[in-house]
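Since the structure comes first, as structure tokens, the remarks are kept for the end.
Numbering (our numbering), first residue to last: 76 to 199.
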């Protein structure tokens, strides 16, 4: 990541907190597209880093999606969590784990995450 870019500090923070791990051991792709399973994984890691509960989801939440077998092994736990918590919902074509997320989908996942957090702390 190029020093001085508007996102360089955010990428450093995300890497240091193991939220973003890049596309290789030594390479990030900040201007690249992000798949839906990558988005779910980053949200999962962020929730975990914030001390939120990320366990308890059942793989059965994926049963209604014909394309759930396309979820990469490294993303499965995060996808189960994201679907269980309704952060990520299917499209007309399924979960589409390896499809690139649109800006609208990304914004919706962030909004859903915000609502997820609000529900967890509403009574505290």
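Glycine included, every Cβ here is placed at the ideal spot set by N, Cα and C.
Computed from a predicted model, the values in this text were never measured in an experiment.
Would DSSP call residue 110 helix, strand or coil? strand
Let me check understanding here. Comparing Cα to Cα, which of 110, 79, 77 lies closest to residue 177? Distances from the alpha-carbon of residue 177 to those of 110, 79, 77 put 110 closest.
Residue range of the alpha helix (DSSP H) that residue 159 falls in? 151-159
Residue ranges of each alpha helix (DSSP H) within the stretch 157-183, 4 or longer: none
Which whole-angstrom value describes the C-beta separation of residue 94 and residue 117, a residue pair presumed to lie in contact below a C-beta threshold of 8 Å? 6 Å
Given this structure, state the Cα-to-Cα distance separating residue 175 from residue 196, to the nearest angstrom. Near 31 Å, if we compare the C-alpha coordinates of residue 196 and residue 175.
Paired residues, beta bridge with residue 85 - DSSP: None, per the DSSP bridge assignment.
In angstroms with no decimal places, state the Cα-to-Cα distance between residue 98 and residue 104. 7 Å
With distances taken between CB atoms, is the gap from residue 137 to residue 155 smaller than 8 Å? yes
Which of the three DSSP states, helix, strand or coil, is assigned to residue 99? strand
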